[in-house]
């Protein structure tokens, strides 16, 4: 009997499947790390982030608060839920729409942090940082394009409102069966960790989770990159390219599908960073996948909004539709026009070159875009 188990063990040790099981385990730990980081931010800074929404008295402040609040709690879906409640409580939709636009920018901080896992190898880091910041650059382009138009003409607000009025009966409750794959896979472990630290102050637990999440991300990316570099050659590389990188449309659909399945754009884009860092996908292939994650997270929000009942149902659907229209039209307009399409690509390449040459610049970039500039804008606005 012992010999039987020894034979099985020997076969597994030399099995071609064992390295792939290691990749699956490392991907799981990466998702755990991203969730730990998000949970840590929410526990440590959630109350302060929610308090920020009281400053949302005009579209400009709404935009700043959307960026800052989402960067602090690292969950655009949480921000969307708060916005739905505020709209139901009387916040004008014209102020709520910029918050959603800001949330799109704030949520990209996670995958930028993930790229730091490649910091030791300069070429890998350059590719990884470019793949992470392409999301930032695209969302900033969307913001610069749509924000002035929206505060002037309120096109997204009007289109979303007319759609909700046409399709939804206020007396009727929508309900979809919503199953969150990531919650199913990760929540038991996260809840266990929260339970283990229940005796500690909430903020201290949050800070600990955030630090642990960052350390987990860096360690997991290091080992995952090594494993992928050895495995993704020949046939395996070809299959992956056919599944995701065959054409821009396929990449957009893949990004949308993956995000709808795992219900987290941060997780979906974070999973692509090691592949970009190792040169499996070029920046031009990562770009449309990232756009698909934007659409996917909007569809997920729409399904979540459709499950809301009572007096929150209409504002929930309206905000979710604004989010979907904003992301879909952004992809349609920016990616379909070659001269506009190049702007995020060139921006990401410039940021990656700068961050590779001066590594401290990468940290300064994260702090400035997601925290310092929005906080400064909020501080200045309180003076007037």
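Numbering (the working numbering), first residue to last: 199 to 582. For every residue, glycine included, the Cβ atom is placed at its ideal position computed from N, Cα and C.
Between residue 455 and residue 492, the gap from beta carbon to beta carbon reaches 9 Å or more. When the five nearest sequence neighbours on each side are left out, the beta carbons in the same chain lying within less than 6 Å of the beta carbon of residue 495 are those of 457, 463, in order along the chain. Remark: three or more beta-carbon pairs, one from each stretch, lie closer than 8 Å, so the stretch 218 to 238 and the stretch 405 to 420 are flagged as touching.
In this structure, the straight-line span from the alpha carbon of residue 438 to that of residue 249 is close to 44 Å.
Residue 447 is a Cβ neighbour of residue 486, given a cutoff of 9 Å. Exclusion of the five residues before and after residue 426 leaves 221, 472, 473, 476, 478 as the residues of its chain whose Cβ lies within less than 8 Å of its Cβ.
DSSP places residue 461 in the coil class of the three-state scheme, outside both helix and strand. Annotation note: the stretch 273 to 305 contains no uninterrupted beta strand (DSSP E) run of length 3 or greater. Excluding five sequence positions before and after residue 273, the CB atoms of its chain that fall closer than 7 Å to its own CB belong to 236, 240, given in chain order. Contact annotation: the stretch 279 to 287 does not touch the stretch 303 to 322, with fewer than three C-beta pairs closer than 8 Å. Shown here for residue 347: same chain residues with a beta carbon closer than 7 Å to its own, the five before and five after excluded, namely 353 in chain order.
About 46 Å separates the beta carbon of residue 396 from that of residue 547, a gap too long to meet the 8 Å contact definition. Note on residue 308: 16 or more other CB atoms within 10 angstroms of its CB, so buried under the neighbour-count rule. With contacts defined as CB atoms closer than 9 Å, residue 324 and residue 488 fail to qualify as a contacting pair. In this structure residue 338 is in contact with residue 303, their Cβ atoms being roughly 6 Å apart against a cut-off of 8 Å. When the five nearest sequence neighbours on each side are left out, the beta carbons in the same chain lying within less than 7 Å of the beta carbon of residue 443 are those of 449, 479, 483, in order along the chain.
For residue 475, the three-state secondary structure derived from DSSP is helix. A distance below 9 Å separates the beta carbons of residue 405 and residue 242.
In the same chain as residue 269, and ignoring 5 residues on each side of it, the C-beta atoms closer than 7 Å to its own belong to 304, 307, 568, 569, in chain order.
In the structure shown, the three-state DSSP call for residue 318 is coil.
In the displayed model, residue 215 falls within coil according to three-state DSSP, outside both helix and strand. Rounded to the nearest whole angstrom, the CA to CA distance from residue 289 to residue 440 is 46 Å. Here DSSP, grouped into helix, strand and coil, assigns residue 395 to coil. Separation of residue 542 and residue 332 (C-alpha to C-alpha, rounded to the nearest whole angstrom) is 6 Å. Excluding five sequence positions before and after residue 451, the CB atoms of its chain that fall closer than 7 Å to its own CB belong to 490, given in chain order. When secondary structure is reduced to three states using DSSP, residue 256 falls in the coil class, being assigned neither helix nor strand. By the criterion of a C-beta distance shorter than 6 Å, residue 422 is surrounded in its chain by 224, 472, once the five residues flanking it on both sides are discounted. For residue 351 and residue 398, the gap between their C-alpha atoms comes out near 50 Å. Within 10 angstroms of the beta-carbon of residue 334 lie 16 or more other beta-carbons, which makes it buried.
By the C-beta density criterion, residue 436 is exposed, having fewer than 16 other C-beta atoms within 10 angstroms. About 6 Å separates the CB atoms of residue 264 and residue 298; that is less than 8 Å, so the two are in contact. Here the alpha carbon of residue 341 sits roughly 37 Å from the alpha carbon of residue 391. Residue 216 is classed as exposed because its beta carbon has fewer than 16 other beta carbons within 10 Å across all chains shown. For residue 500, the secondary structure class from DSSP, reduced to helix, strand or coil, is helix.
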